[in-house]
Amino acid sequence: MTEADILRDILDTQLDMLCRFTADGTILFANTAYARMMESPRAALTGRNVWKFIPTSEHATIQREMALLTPENPSRTIENRLEAADGSVRWTLWRNHALEFDAQGRWQVMQSTGIDITERKILEDRLRLLIEELNHRVKNSLMVVQAMAWQSFRGIEQPAAAAVENFTARLHALAAAHTILSRGQWAGALLADVVRQGLTICAGSVQGDGGAQRLSLGGPDVTVGAAATVSLVMVLHELATNAIKYGALSNAEGTVTIAWEVGDDGAVALEWREQGGPPVAPPARSGFGSRLIRDAITRQLSGEAQIDHAPDGVVVRLVLPAQHFEAPAIAPIWSDATKDPA
């Protein structure tokens with residue numbers, strides 16, 4: 001058996017589909033796995049057009065992706081649908097590699113290696129529906145709790161009514177945390193998005209006199225796990241509420257800066273810093289917000305929490321262990337002078 005025969009046997013016995021074609025779509029070679037998907041003899045595929053097997057609705061997207069290939073970056077992974085011989089549409093994942101380019105740098109010959117991911121797509125769709133249903137049920141449960149609170153405390157005096165409003169706002173923050181997690185199928189969320197969600201209550205306090213931005217946030221692009229996401233949203237909601245009532249966002253000039261960084265050990269340190277608000281004095285006793293911060297960060301997440309009631313503005317420093325985060329990007333990604341967190 002010649003080396004060419006051995007190579008052909010290897011190509012024809014592998015489970016991955018393989019197809020080589022020219023820029024106009026003419027198939028130069030297809031292995032047995034590809035032919036099996038098309039229910040066609042392998043030799044009969046040579047000379048046919050590869051685009052005939054791809055739904056028309058997919059053409060523009062695939063061609064746009066392939067146009068990005070260059071001699072310096074000749075490979076690209078594309079997920080698209082494929083029309084099988086029985087008329088069914090299958091989801092496939094392809095590794096496309098351009099083998100030849102013309103003088104203008106446009107690819108001329110492409111080799112694509114693909115796998116059928118239809119079953120995975122079906123499972124992903126089912127999981128998405130389950131998560132949407134879970135999110136819907138959680139929100140309904142929170143609405144029931146909110147209604148019970150209003151019914152239970154209806155007719156009470158004003159100070160207690162304010163407490164119920166605070167309780168309701170915390171429920172909304174908890175619901176917001178569930179919303180951001182459901183978008184990512186409960187796999188976590190970007191820390192910047194978590195911070196913005198925790199600052200939703202500040203929507204009316206973003207701009208000061210002259211349109212100046214009063215909130216800024218930034219740090220490395222890092223993903224927070226589900227458990228830490230809920231705790232951080234609740235903690236940031238408490239800090240934002242306090243800033244609006246008593247701190248830097250209670251006047252028209254104060255500002256709040258939220259910044260975070262990743263340590264060598266993978267732990268994330270986040271700092272909340274208020275400036276320009278009314279003079280700060282240490283509280284006579286620890287309030288609900290302070291207790292929530294310390295409980296959520298230290299007990300639930302095994303982190304560290306430090307609250308400094310500095311005269312020129314509250315400073316809160318939180319440190320969360322690496323176990324609650326995925327690896328960050330190499331370069332920090334800083335926000336512009338902050339967008340409306342709503």
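Residue 1 is where the sequence shown starts when you use the UniProt record's numbering, and the numbers rise one by one after that. All C-beta atoms, glycine included, are put in the ideal place defined by N, C-alpha and C.
- When rounded, the separation of the alpha-carbon atoms in A44 and A84 is 15 Å.
- Between P321 and A284, the C-beta spacing is not below 8 Å.
- With respect to the C-alpha of R81, the residue from F53, G219, L318 having the closest C-alpha is F53.
- Between the alpha carbons of A281 and G218 lies a distance of about 28 Å.
- Across the set V109, L239, D86, the C-alpha of V109 shows the shortest separation from the C-alpha of S75.
- By the neighbour-count criterion, in which a residue is buried when 16 or more other Cβ atoms sit within 10 angstroms of its Cβ, H324 is buried.
- For I78, the enclosing beta strand (DSSP E) stretches over residues 75 to 83.
- In this structure, the CA atom of Q14 is about 7 Å from the CA atom of A33.
- Here E326 has T223 as same chain residues with Cβ atoms under 6 Å from its own Cβ, once five neighbours each way along the sequence are excluded.
- In the DSSP assignment, R64 falls within the alpha helix (DSSP H) that extends over 56 to 66.
- With respect to the 8 Å criterion, A296 and S216 are not classified as neighbours on the basis of their beta carbons.
- The three-state reading of DSSP puts D193 in helix, counting H, G and I together.
- Fully contained in the stretch 226 to 262 are the following alpha helix (DSSP H) runs of length 4 or more, in chain order: 226 to 245.
- Between Q111 and L99, the C-beta gap is smaller than 8 Å, which places the two residues in contact.
- Spanning the alpha carbons of V314 and D264 requires a straight line of approximately 27 Å.
- When the beta-carbon positions are compared, G277 and N251 come within less than 8 Å of each other.
- Under a 10 Å Cβ-count criterion, Q197 is classified as buried, with 16 or more other Cβ atoms of the shown protein chains found around its own Cβ.
- In chain order, E39 place their CB closer than 8 Å to the CB of D86, counting only its own chain and leaving out the 5 sequence neighbours on each side.
- Taken atom to atom, the span from the alpha-carbon of Q104 to that of I115 is near 31 Å.
- In terms of CA proximity to L239, L270 leads the group S302, L270, D5, T61.
- I10 sits exposed, since fewer than 16 C-beta atoms from the chains shown fall within 10 Å of its C-beta.
- The three-state reading of DSSP puts E274 in strand, counting E and B together.
- Boundaries of the alpha helix (DSSP H) harbouring T13: 3 to 13, taken from the DSSP string.
- Straight-line measurement puts the Cα of V262 at about 12 Å from the Cα of L318.
- Rounded to whole angstroms, H97 and I62 show a C-alpha spacing of 13 Å.
- V256 sits close to A243, with the two beta carbons spaced by under 8 Å.
- Within the model, the alpha-carbon separation for N31 versus D102 is close to 26 Å.
- Rounded to the nearest angstrom, the Cβ distance from T118 to W91 is 5 Å, consistent with a contact under 8 Å.
- Distance from the CA of P41 to the CA of V89, rounded to the nearest whole angstrom, comes to 20 Å.
- Separation of H237 and Q306 (C-alpha to C-alpha, rounded to the nearest whole angstrom) is 17 Å.
- Secondary structure at E132: helix, using DSSP grouped into helix, strand and coil.
- Put simply, of D125, V194, T241, M37 the residue whose alpha carbon is nearest the alpha carbon of I201 is T241.
- Partner residues in the beta bridge of W91, as assigned by DSSP, are R81.
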